[in-house]
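Here the structure is laid out as structure tokens; the discussion comes afterwards.
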Amino acid sequence: MAVTLAIVVLALAAAGWATHAALRSFLIDRVDRDLASSQLPALASGDAPFGRGERFAAGFPVGTVVEVRAADGRVLRRAVARELTQDAAAADAVALPEDLPEGFSTVDIPEGGAGEYRVLVAGAAPAGPGAIPFGGSIVVGVPLDDVNETLGRLLLIEVAVGAATLAALAFLALWLVRLGLRPLDRIRETADAIAAGDLGRRVEDDDPRTEIGRLGRTLNGMLARIEELFEERRAAEERLRRFVADASHELQTPLTSVRGYAELFRRGASGRPEDLATAMRRIEAEAERMGVLVDDLLLLAHLDQRRPMARERVDLTALAVELAADAAVVEPDRPIEVRGGDPVVVEGDDVRLRQVVANLLGNARAHTPAGTPVTVTVARRGGEAVLEVADRGPGLAAEDAARVFERFFRADASRARASGGSGLGLSIVAAIAEAHGGRAEVDGAPGEGATFRVVLPLAPGEGAPPPGPSGGR
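Just add 10 to the spot in the sequence shown (first one is 1) and you have this note's numbering.
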């Protein structure tokens, strides 16, 4: 605001100076026109009433000086227009300078406080009595008191108007600045509330037509992103706590069994061959179970670190046929059908992709009644390879389907061993699919079965499937 006021002061000063100069020039030009049109011959010949009355016959103001000079500069005749009541000696004290250029000029006469005069020096040789000698001139000086008084009044008016303008502008600018900065106060209040922990607060002024509105909109976007990041961090911490708790729970049971059988051995089972064999068998089984769980955890940690995986061309169709045959051997009474006879080739880790298919088949066997049909479908869809494992079991509730790929999640909250494994199988499926640039999906509803789907990018060079019907196996 101070800078704006300084600029306005400079602008007013420049405008006042320009107006003052223009008016002075106009008034001087008018005096010059009066001098140029004056009756110089009459003044020079003495016909004019010198020294009496308020004005000369030419209509010049009081204080006008008329001199008739010879060629050598001598004053032949001189007259001063004065008021009737004015002292003649004081009026005659006004003396024009001797060295005056021909034409118009402005001189300052300090004697008697006469001030500025506009002077015209013109050569004249009028006929008749009192004629000017050859080479003489007539000098007429008109006081500029009226001009200077007019300019003085103009200066006072300009100063008064400028001061009033500056005062009004300062008041208006201060009011507008405070009004314009009021949204910033609200932004500050919002920032204080957010700093106090209210992450849901937002800036109300987000009108994109104003600078502060655009700032508010940008801040709202930033705050939304910060809140989202905080929520993601909170969710990640919650998942980590749940993961640690679940891992501890999964390891606690086999460790308790191992400690129990070790205590049994220490208390004398070593002397009873049957009890010793049972203890060693149970310790070995629990150790194997812990080993599988630790291997799964290490695999998930390996996948989380985005470590590079082996890359080779893998036929998902052949893989599905092979693992479906293995599952049929394990559970002969369960119908398992593989659909899709054409090769569907992806690029990835053969061992890990086998684990994906095995986990999906194992999940279907673990969570559906014995004899429930399972269908494995391998196909190309939209330039991607799609592997589906569908069953006709009890299906999934919507809240379970949303969390089915979370680690250690099981729809059966009792964690009974009879109802499933550790809850890492499907999370491993999702992690391996993501590591291969794909994704894992699930469809299902209570009583309608469930379909687990893994979508992977096709291997380079794999286009549309070859023509011809595809059959089942």
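Glycine residues also receive a C-beta, built at the ideal position from the N, C-alpha and C atoms.
**OP:** Starting from the C-beta of R526, find all residues in its chain whose C-beta is less than 8 Å away, skip the five residues before and the five after it, and write them out in chain order.
**Re:** No information on residue 526 is available, as it lies outside the stretch 11 to 483 that the chain covers here.
Original post:
Below 8 Å between beta carbons: does that hold for V354 and L326?
Top reply: For V354 and L326, yes; Cβs fall inside 8 Å.
**OP:** May I ask you to check if the CB of G457 is nearer than 7 Å to at least one heavy atom of the ligand SAM?
**Re:** This structure lacks the ligand SAM; in fact it carries no ligand of any kind.
**OP:** Look up A245 in the DSSP assignment and give the residues it is bridged to.
**Re:** A245 is not bridged to any residue.
Subject >> Whole-number beta carbon distance between M319 and R277, since they are thought to touch under 8 Å >> reply: The C-beta separation of R277 from M319 comes to about 48 Å, leaving the pair out of contact by the 8 Å criterion.
Original post:
What does DSSP give as the partner residues of L130 in its beta bridges?
Top reply: In DSSP, L130 forms a bridge with F114 and V150.
Subject >> Local Cβ density within 10 Å of G478, reported as buried at 16 or more and exposed below that >> reply: Low local confidence applies: a pLDDT of 45 at G478 is under 50, so the model's placement there is unreliable, with the coordinate-based value given in what follows. When all chains shown are included, G478 counts as exposed.
Subject >> Every unbroken alpha helix (DSSP H) within the stretch 334-405, with a cutoff of 4 residues, ordered by chain >> reply: Counting whole runs of 4 or more residues, the stretch 334-405 contains the alpha helix (DSSP H) stretches 360-377.
**OP:** Return the Cβ separation of G162 and V129 in integer angstroms, given the expectation that the two are a contact with Cβ distance under 8 Å.
**Re:** 22 Å between Cβ atoms; not a contact.
Original post:
In the DSSP assignment, what are the bridge partners of L468?
Top reply: Answer by DSSP bridge pairing, in chain order: V356.
Original post:
Quick one: is L20 near chain C, going by C-beta distance under 8 Å?
Top reply: Among the protein chains of the structure shown there is no chain C, as only one such chain exists.
Subject >> Proximity below 8 Å, CB of A91 to CB of G73 >> reply: One thing to note: A91 has its Cβ within 8 Å of the Cβ of G73.
Original post:
Do V41 and V157 have their C-beta atoms closer together than 8 Å?
Top reply: Taking 8 Å as the Cβ cut-off, V41 and V157 qualify as a contacting pair.
**OP:** Within the same chain, show all residues whose beta-carbon is closer than 6 Å to that of R212, passing over the 5 residues directly before and after it, in chain order.
**Re:** Correct list, in chain order: N230.
Original post:
How about A400 and G350: do their beta carbons lie closer than 8 Å?
Top reply: One thing to note: A400 has its Cβ no nearer than 8 Å to the Cβ of G350.
**OP:** Note down, in chain order, each residue of its chain lying with its Cβ closer than 8 Å to the Cβ of E394, except the 5 sequence neighbours on either side.
**Re:** Excluding residues within five positions, the ones whose Cβ falls inside 8 Å are G448, V465, L466, P467 and L468.
Original post:
Mapping DSSP to helix, strand and coil, what is R212?
Top reply: Here R212 sits in coil by DSSP.
Original post:
Under three-state DSSP, which class holds A206?
Top reply: Three-state result, A206: coil.
Subject >> For T220, the three-state DSSP class (helix, strand or coil) >> reply: In the displayed model, T220 falls within coil according to three-state DSSP, outside both helix and strand.
Subject >> Pair within 8 Å by beta-carbon distance, A330 and L434 >> reply: No. Outside cutoff.
**OP:** Report the three-state DSSP secondary structure of E64 (helix, strand or coil).
**Re:** For E64, the pLDDT reaches just 39, beneath the cut-off of 50, and the residue's location in the model is therefore unreliable, leaving the point undetermined.
Original post:
Excluding the five sequence neighbours on either side, which residues of its own chain have a C-beta within less than 7 Å of the C-beta of A137, listed in chain order?
Top reply: For A137, the pLDDT reaches just 46, beneath the cut-off of 50, and the residue's location in the model is therefore unreliable, leaving the point undetermined.
Subject >> From A255, Y127 and R291, residue whose alpha carbon lies closest to that of G270 >> reply: Nearest C-alpha to G270: R291.
Original post:
Among T116, P379 and G403, which has the Cα closest to the Cα of G459?
Top reply: Among T116, P379 and G403, the Cα nearest to that of G459 belongs to G403.
Original post:
Looking at the unbroken alpha helix (DSSP H) that takes in D39, where does it start and where does it end?
Top reply: That run of the alpha helix (DSSP H) goes A12 to A46.
Subject >> Span separating the alpha-carbon of D453 from that of R192 >> reply: Looking at the backbone, the Cα of D453 and that of R192 are separated by about 53 Å.
Original post:
Using the rule of at least 16 other Cβ atoms within 10 Å of the residue's Cβ for burial, across every protein chain shown, is I119 buried or exposed?
Top reply: Label assigned to I119: buried.
**OP:** Grab me the residues of E238's own chain with a C-beta within less than 7 Å of its C-beta, minus the 5 sequence neighbours each way, in chain order.
**Re:** There are no such residues.
**OP:** State the Cα-Cα distance for the pair G26 and L165, rounded to the nearest angstrom.
**Re:** Straight-line Cα distance between these residues: approximately 8 Å.
Subject >> With 16 other Cβ atoms within 10 Å as the buried cut-off, status of E347 >> reply: By the Cβ neighbour-count rule, E347 is exposed, with fewer than 16 other Cβ atoms within 10 Å of its own.
Original post:
If V131 sits next to P111, beta carbons under 8 Å apart, how far is it from one beta carbon to the other, in whole angstroms?
Top reply: That pair is a contact at about 7 Å.
Original post:
Identify the residues that DSSP records as bridge partners of I197: which are they?
Top reply: Bridge partners of I197: none, in fact.
Original post:
Cα separation between D410 and E416?
Top reply: Going from the Cα of D410 to the Cα of E416 covers about 10 Å.
**OP:** With a 10 Å radius around its C-beta and 16 neighbouring C-beta atoms as the bar for buried, classify V149 as buried or exposed.
**Re:** By the neighbour-count rule (16 or more Cβ atoms within 10 Å), V149 is buried.
Original post:
Would you report the Cα separation of T175 and A32, rounded to the nearest angstrom?
Top reply: Here the alpha carbons of A32 and T175 stand approximately 22 Å from one another.
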